[in-house]
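Peer 1: Numbering (our numbering), first residue to last: 4 to 180. Note that CB positions come from ideal geometry on N, CA and C, so glycine has one too.
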């Protein structure tokens with residue numbers, strides 16, 4: 004079973020795909036390109052079916068921990084990675100608030116806020132999961148534009164790049180969370 008499928012299905016093909024997936028859930032094992040994963044007895048899920056302006060949309064989302072399927076050594080590495088990313092993300096968010104606050108007041112960020120935001124952004128990008136590479140590349144491009152706008156004292160361009168960085172952060176969080 005592929006991790007992401009985007010194609011036109013016939014009604015029967017789609018029903019068969021969902022049936023196969025349902026059988027795997029019942030058996031407690033889900034196949035993916037990265038392996039076979041245990042499915043817990045209970046987990047969180049969100050199912051949304053809506054018709055809007057002549058179009059039907061179905062969204063299915065569920066989530067559970069796969070740490071139990073890893074060796075203890077790999078599990079420890081994953082936990083360490085999550086914790087380090089959480090710390091970097093928290094610092095990055097804090098310094099971004101300071102940068103944003105300065106821009107809202109019509110000024111440029113202080114040197115410390117600027118340096119901390121840029122440094123933590125780069126650490127985050129370097130530590131990011133490889134599947135985030137395109138999104139991180141776009142984020143770093145906006146970061147470089149932001150740095151240039153501050154260096155050249157271009158307030159409106161800086162504000163624009165702050166909005167772009169904020170949008171990219173929200174989009175990444177939504178897509179990769």
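Rounded to the nearest angstrom, how far is the Cβ of residue 124 from that of residue 95, given a contact under 8 Å?
Peer 2: For the purposes of this step, residue 124 is taken as residue 121 along the chain shown, with counting starting at 1. For the purposes of this step, residue 95 is taken as residue 92 along the chain shown, with counting starting at 1. Right, their Cβ atoms sit about 6 Å apart.
Peer 1: Check residue 54 in the structure and name its three-state DSSP category.
Peer 2: Reading the chain shown from its first residue, position 51 is the one you call residue 54. In this structure, residue 54 counts as strand in the three-state DSSP scheme.
Peer 1: Given a threshold of 16 other Cβ atoms within 10 Å of its Cβ, counted over all protein chains shown, does residue 127 qualify as buried or as exposed?
Peer 2: As a first step, residue 127 is located in the chain shown; it is residue number 124 there, counting from the start. Residue 127 should be labelled buried.
Peer 1: Quick check for students: name the residue ranges of the alpha helix (DSSP H) that lie wholly in the region 34 to 121, counting only runs of 4 or more.
Peer 2: Counting only runs of 4 or more, we get 75 to 107.
Peer 1: Buried or exposed: which applies to residue 4, given that a residue is buried once 16 or more other Cβ atoms fall within 10 Å of its Cβ?
Peer 2: One-based indexing of the chain shown puts residue 4 at position 1. Low per-residue confidence applies at residue 4: pLDDT is 48, beneath 50, and the placement is therefore not dependable, though the value from the model is reported in the following sentence. Residue 4 counts as exposed, since fewer than 16 other beta carbons sit within 10 angstroms of its beta carbon.
Peer 1: Going along the chain, which residues of its own chain have a beta-carbon closer than 6 Å to the beta-carbon of residue 164, five neighbours each way excluded?
Peer 2: The residue you call residue 164 lines up with position 161 of the chain shown. Contacts found: 145, 148, 149 and 152.
Peer 1: Would you mind sorting residue 30 into buried or exposed? The rule is 16 or more other CB atoms within 10 Å of its CB.
Peer 2: Walking along the chain shown from the start, residue 30 turns up at place 27. Residue 30 should be labelled exposed.
Peer 1: Within the chosen definition, does the region 101 to 108 reach the region 159 to 174 through at least 3 CB pairs nearer than 8 Å?
Peer 2: yes
Peer 1: Please determine, among 139, 172, 138 and 134, the residue with the shortest C-alpha to C-alpha distance to residue 100.
Peer 2: Start at 1 with the first residue of the chain shown, and residue 100 comes out as number 97. Cα-wise, what sits closest to residue 100 is 172.
Peer 1: Taking the C-alpha atoms as reference points, what is the distance between residue 52 and residue 65?
Peer 2: Numbered from 1 along the chain shown, position 49 holds the residue referred to as residue 52. Numbered from 1 along the chain shown, position 62 holds the residue referred to as residue 65. Looking at the two C-alpha atoms, the distance is approximately 15 Å.
Peer 1: Tell whether a beta-carbon distance below 8 Å holds between residue 136 and residue 119.
Peer 2: Locating residue 136 in the chain shown gives position 133, counting from the first residue. Locating residue 119 in the chain shown gives position 116, counting from the first residue. In this structure, residue 119 does not lie closer than 8 Å to residue 136 by Cβ.
Peer 1: In the DSSP assignment, what are the bridge partners of residue 32?
Peer 2: Looking up residue 32 in the chain shown gives position 29. 41, per the DSSP bridge assignment.
Peer 1: Go through its chain and collect everything with a Cβ distance to residue 175's Cβ below 6 Å, but skip five positions before and after it.
Peer 2: The count along the chain shown starts at 1 and reaches residue 175 at position 172. Answer for residue 175: 138, listed in chain order.
Peer 1: What's the gap between the Cα of residue 112 and the Cα of residue 178?
Peer 2: Residue mapping note: residue 112 aligns to position 109 of the chain shown, counting from 1. Residue mapping note: residue 178 aligns to position 175 of the chain shown, counting from 1. Going from the Cα of residue 112 to the Cα of residue 178 covers about 29 Å.
Peer 1: Give me the Cβ distance between residue 63 and residue 50, rounded to the nearest whole Å; I'm assuming they're in contact under 8 Å.
Peer 2: Locating residue 63 in the chain shown gives position 60, counting from the first residue. Locating residue 50 in the chain shown gives position 47, counting from the first residue. Contact holds; Cβ gap of about 6 Å.
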